[in-house]
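Colleague: Here the protein sequences line up with chains A and B, keeping their order.
Quick note, the first sequence lines up with residues 648 to 915 if you use my numbering.
Quick note, the second sequence lines up with residues 1301 to 1712 if you use my numbering.
One structure is given below, represented as structure tokens, and several questions about it will come after.
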Amino acid sequence: MRTYKPKDNVQAKAYYTDRFWVAPQVPKSDVAEDAVFAADLEALKSKFDIKDAYIQVEQMVVYINPCDNFEVIKFMRDELEYTQLSELSAIDWIAKSNQFEIFYQMLSMKKRKRVRIKMFINNGEAVNSVEKLFRSADWSEREMYDMFGIVANGHPFMKRILMPYDWQGFPLLKTYPLEGDEFAAWYEVDKIYGKEARDIIGPELRDTARVDRYDSERFARLGFEIPYGAEVKDDAAPTVQSYQEEGGVFMIKKFDKETSVVIDDPQR
Amino acid sequence: MQVKNRLTPFFENITFDRDDNELILNFGPQHPSAHGQLRLMLHLQQEMIVKAHPDIGYLHRGMEKMAENMIYNEFMPTTDRMDYIASSSNNYGFALAVEKLIGLEVPRRAKVIRMMLLEINRLMSHLFWLATTALDIGAMTVFLFAFREREYLMDIIEGYCGARLTHAAIRIGGVPLDIQDTFIAQLKAFLDKLPQNIKDYEDLLDSNRIWRMRMEGVGHISTEMALSWGCTGPMLRASGVAWDIRKEEPYELYDEVKFDVPYSDKGDNFARYRIYMEEMRQSAKILYQTIDMYEETVKNNQTELMAHAPQYISAPKLDIMTQNYSLMQHFVLVTQGMRPPVGEVYVATESPKGELGYYINSQGGPYPYRLKLRAPSFWHTGILTDLLPGHYIPDVVSIIGTTNIVFGEVDR
Chain A
648 MRTYKPKDNV QAKAYYTDRF WVAPQVPKSD VAEDAVFAAD LEALKSKFDI KDAYIQVEQM
708 VVYINPCDNF EVIKFMRDEL EYTQLSELSA IDWIAKSNQF EIFYQMLSMK KRKRVRIKMF
768 INNGEAVNSV EKLFRSADWS EREMYDMFGI VANGHPFMKR ILMPYDWQGF PLLKTYPLEG
828 DEFAAWYEVD KIYGKEARDI IGPELRDTAR VDRYDSERFA RLGFEIPYGA EVKDDAAPTV
888 QSYQEEGGVF MIKKFDKETS VVIDDPQR
Chain B
1301 MQVKNRLTPF FENITFDRDD NELILNFGPQ HPSAHGQLRL MLHLQQEMIV KAHPDIGYLH
1361 RGMEKMAENM IYNEFMPTTD RMDYIASSSN NYGFALAVEK LIGLEVPRRA KVIRMMLLEI
1421 NRLMSHLFWL ATTALDIGAM TVFLFAFRER EYLMDIIEGY CGARLTHAAI RIGGVPLDIQ
1481 DTFIAQLKAF LDKLPQNIKD YEDLLDSNRI WRMRMEGVGH ISTEMALSWG CTGPMLRASG
1541 VAWDIRKEEP YELYDEVKFD VPYSDKGDNF ARYRIYMEEM RQSAKILYQT IDMYEETVKN
1601 NQTELMAHAP QYISAPKLDI MTQNYSLMQH FVLVTQGMRP PVGEVYVATE SPKGELGYYI
1661 NSQGGPYPYR LKLRAPSFWH TGILTDLLPG HYIPDVVSII GTTNIVFGEV DR
């Protein structure tokens, strides 16, 4: 029977995990342990519904409702002096709960503190754009859309940013394979040569380092290499190896395998 | 109706209904001053830009996707390809993020060596910035001078790790090697000459009429704009915010060294230029102190270079070759990779370009579940949307120059 491969997450996975192995946790501590964070959290709690909050690796993590994100970030910026939105992106949890986790990484230069605002949205839902608050979100939200397909409502220019405009599929989804999907394999062939050339050129092989380890015939024919797809014959001629430069490289005499001497004795 | 011939292209069913003088100019992605792969779509009224639309993605290699499919140590050489002008600082940011996730303490000598590498990288990056920007403006001599000095630094780095650009000189948990015997002598020789070199550049540029005209008052970024656009590093410091992560949230041994954070409230190209020059001096100051710190570790016989954490980090070579258990650990760590605890971390470091952040979400597996690279140049390119309108075409070149964007980092 063929081994089962989950389709909802095609990323690399550990091929062996001890069955008694329990993953340790990065310690989380209570927000009350840090006075600055505790005050910020109090202020947030008085206005918004906070689902969870803790400190992990010196930074406070706050979970909010996805409908509040604009107001929370506005409050953070105006009242709590978190004047910079360093980063904003999503995490794909579709396989687990059909959700995306969105995080906003904020920095207060006055307090020297960093806070991560997090929220869950369901697959297919949109988020409110915070581009009106931080111009940096303009590009971050476009990148999030480009990579995950999460639309930001109210964004002035919700287009792809890193991938081509006419690309299909969202590369950072866990369902998207590393070497690209069917569309990716034909994208450049279709663009450059046209669809009618597909038969002649063939799909683009994006994983150039790929070695078919089950191919016992073509694998490791060192010195007897054959072109890809050619038939393997037992009496194949050895691959001719020589310097490209006919006259030899400057200062180096042309290396000739036949006439050269190999010195075996390391004590020579 | 157009008459179809071989010289003028024939457009079917297209009417040209714009009657204003707006011209759309494609700047790049092949323009030499577009720093690689930036494409700028500029809407022009005469020579003035009314709308700018930076288009990126020409160097997108999907590093975040690659990271999800690589074990942690495997990803280290890939980080080199982000900001390839100062690649050790990318290595360092990643190593620090994973170390914080695991909770590792790095030996002191490794910390000192890392700081040396980071500051050498900062100098390399700033010299490269000066060279290319000066070349874009037309100052060929400065380009040659700065590249000459950068070459000395690259030789030192090459002696350390064997590579000139893509160093991969830092490991998770420490550094792979001690510095070579000639390192400190070479570095000292370089640093002793550096003040004179910087003075040479400044003599060539500071009172140069062309340089000042193209830099002063051009590309003004206000404090609000810089904060809103997520500017960091010299871009932010030139706009009146004295924020340097080395100073404010010190990592490694930056709290033990003395240095100043130059900043300016001018916000224009010239302010950024002044800050880069001053930062080079400060880097030299830090490097002198790290040399003393290194010699102190030699005196105290602190020879450890990698953290001791058998679950995550391979043992030293001698142990691997002599002890069975170390060899087994090493084998598992190389083939399967380390498995950091479940959790997430965001670590920001001050790379030469600005705040370089790594967000890692680990689910306890050997592959990161999500890795987000926060590269400063991404937003320094984005700000061109708001910065360029109102400027003239020649200003575009000097503004792109002083933003110091590197496209390996923008597109990732």
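Backbone N, C-alpha and C define an ideal beta-carbon position, used for all residues, glycine too.
Treat the numbers as computed from the prediction; the structure is a model and nothing was measured.
Please identify, using Cβ separations under 8 Å, the residues of the segment 714-730 of chain A that lie next to chain B, in order along the chain.
Modeller: So the close ones are T730.
Colleague: Hey, which unbroken runs of the beta strand (DSSP E) at 3 residues or more fall wholly within the segment 786-826 of chain A?
Modeller: None, since the segment 786-826 of chain A contains no complete beta strand (DSSP E) of that length.
Colleague: List, in order along the chain, the chain B residues whose C-beta lies closer than 7 Å to that of A:W786?
Modeller: Those are F1678, W1679, G1682, listed as they occur along chain B.
Colleague: Out of curiosity, what's the CA-to-CA distance linking A:D828 and B:F1707?
Modeller: Near 26 Å, if we compare the C-alpha coordinates of B:F1707 and A:D828.
Colleague: Mind listing which residues of the segment 1351-1372 of chain B have their C-beta closer than 8 Å to chain A's C-betas, in chain order?
Modeller: Answer in chain order: I1356, G1357, H1360, G1362, E1364, K1365, M1366, E1368, N1369, M1370.
Colleague: Buried or exposed for B:T1702, going by 16 or more other Cβ atoms inside 10 Å?
Modeller: Answer is buried; the Cβ neighbour count reaches 16.
Colleague: For the alpha helix (DSSP H) that contains A:S693, what are its first and last residues?
Modeller: Per DSSP, A:S693 belongs to the alpha helix (DSSP H) from 682-694.
Colleague: Note down, one range per segment and in chain order, each beta strand (DSSP E) of at least 3 residues found wholly within the segment 1496-1560 of chain B.
Modeller: Listed in chain order, nothing qualifies, since the segment 1496-1560 of chain B has no complete beta strand (DSSP E) run of 3 or more residues.
Colleague: Using a Cβ cut-off of 8 Å (strictly closer), state whether B:D1565 contacts chain A.
Modeller: No, its Cβ sits nowhere closer than 8 Å to a Cβ of chain A.
Colleague: Classify A:P653 as buried or exposed, calling it buried when 16 or more other Cβ atoms lie within 10 Å of its own Cβ.
Modeller: Classification of A:P653: exposed, given that the 10 Å Cβ count is below 16.
Colleague: With a 10 Å radius around its C-beta and 16 neighbouring C-beta atoms as the bar for buried, classify B:G1438 as buried or exposed.
Modeller: The residue in question, B:G1438, is exposed, as its Cβ has fewer than 16 Cβ neighbours within 10 Å.
Colleague: Would you say B:Y1554 faces chain A, with C-beta separation under 8 Å as the test?
Modeller: So no, B:Y1554 is outside the interface.
Colleague: Counting only runs that start and end within the segment 742-787 of chain A, where is the alpha helix (DSSP H) found for 4 or more residues in a row?
Modeller: Taking only runs of at least 4 residues, no alpha helix (DSSP H) segment lies wholly in the segment 742-787 of chain A.
Colleague: Does B:V1634 get closer than 8 Å to chain A when you measure Cβ to Cβ?
Modeller: No, B:V1634 lies away from the interface with chain A (no Cβ there is under 8 Å from its Cβ).
Colleague: Mind checking who B:E1655 pairs with in its DSSP beta bridge?
Modeller: Its beta-bridge partners are B:E1650.
Colleague: A:F781 touches chain B at which residues, Cβ-Cβ below 9 Å?
Modeller: Chain B residues near A:F781: L1527, S1528, W1529, G1530.
Colleague: B:T1441: which of B:G1654, B:R1546, B:W1511, B:Y1563 sits nearest, CA to CA?
Modeller: Selected option, being the one with the closest Cα: B:W1511.
Colleague: In three-state terms, what does DSSP make of B:Y1460?
Modeller: Reduced to three states, the DSSP call for B:Y1460 is helix.
Colleague: Which residues in the same chain as A:K821 place their Cβ atom closer than 8 Å to its Cβ, once the five residues preceding and following it in sequence are excluded?
Modeller: Excluding positions up to five away in sequence, the list reads D655, N656, V657, Q658, D739, I741, A742.
Colleague: Taking a contact to mean a Cβ-Cβ separation below 8 Å, would you say B:H1426 touches B:Y1576 in this structure?
Modeller: Contact flag set, yes.
Colleague: Is the Cβ of A:R853 closer than 8 Å to any Cβ of chain B?
Modeller: It does not; no Cβ of chain B falls within 8 Å.
Colleague: Helix, strand or coil for B:A1431? Go by DSSP, reduced to three states.
Modeller: Looking at B:A1431 - three-state DSSP - the assignment turns out to be helix.
Colleague: Kindly list, in the order they appear in chain A, the residues whose Cβ is closer than 8 Å to that of B:Y1667.
Modeller: By Cβ distance, chain A contributes Q658, A659, K660, A661.
Colleague: Let me make sure I understand the geometry here. Which of B:Y1358, B:F1678, B:I1324 has the alpha-carbon closest to that of B:E1346?
Modeller: Correcting the residue identity first, residue 1346 of chain B is Gln in this sequence and not Glu. That would be B:I1324, whose Cα lies nearest to the Cα of B:Q1346.
Colleague: With a cut-off of 8 Å, do at least 3 Cβ pairs link the segment 807-819 of chain A to the segment 828-840 of chain A?
Modeller: Yes, they touch.
Colleague: How close, in whole Å, do the beta carbons of B:L1338 and B:A1352 come, if the pair is a contact with beta carbons under 8 Å?
Modeller: Rounded, the Cβ-Cβ distance is 11 Å, inconsistent with contact.
Colleague: Closest Cβ-Cβ distance between A:A670 and chain B: below 8 Å?
Modeller: Closer than 8 Å to some Cβ of chain B, the Cβ of A:A670 qualifies, so yes.
Colleague: Ignore the nearest five residues each way along the sequence and tell me which others in B:M1301's own chain have a CB closer than 7 Å to its CB.
Modeller: Reliability fails at B:M1301, whose pLDDT of 48 lies under 50, so the model's placement of it is uncertain and the value that follows must be treated cautiously. Around B:M1301: no qualifying Cβ.
Colleague: Using 8 Å as the cut-off, can you tell me whether the segment 1641-1658 of chain B makes contact with the segment 730-737 of chain A, which would need three or more C-beta pairs spanning the two stretches below that distance?
Modeller: Output reads yes: the segment 730-737 of chain A touches the segment 1641-1658 of chain B.
Colleague: Counting only beta-carbon atoms, is A:I697 nearer than 8 Å to chain B?
Modeller: Chain B contact via Cβ: absent.
Colleague: In angstroms, rounded to a whole number, what distance separates the CA positions of A:A686 and B:M1606?
Modeller: C-alpha separation (whole angstroms): 39 Å.
Colleague: If the cut is a Cβ gap below 8 Å, which residues of chain B does A:I997 touch?
Modeller: No answer is possible for residue 997 of chain A: the residues shown for chain A start at 648 and end at 915.
Colleague: When Cβ atoms are compared, which residues of the segment 802-821 of chain A fall closer than 7 Å to chain B?
Modeller: The segment 802-821 of chain A vs chain B, Cβ under 7 Å: I808, L809, M810, P818, L819.
Colleague: Leaving aside the five residues before and after B:R1674 along the sequence, list all residues of the same chain whose C-beta is less than 6 Å from its C-beta, in chain order.
Modeller: If we look at B:R1674 and ignore the five residues flanking it on each side, its Cβ neighbours are G1657.
Colleague: Which residues share a DSSP beta bridge with A:D739?
Modeller: Bridge partners of A:D739: A:F747.
Colleague: Answer with yes or no whether the minimum CB distance from B:V1541 to chain E is below 8 Å.
Modeller: Reference to chain E is not applicable here, since the protein chains of this structure are A and B.
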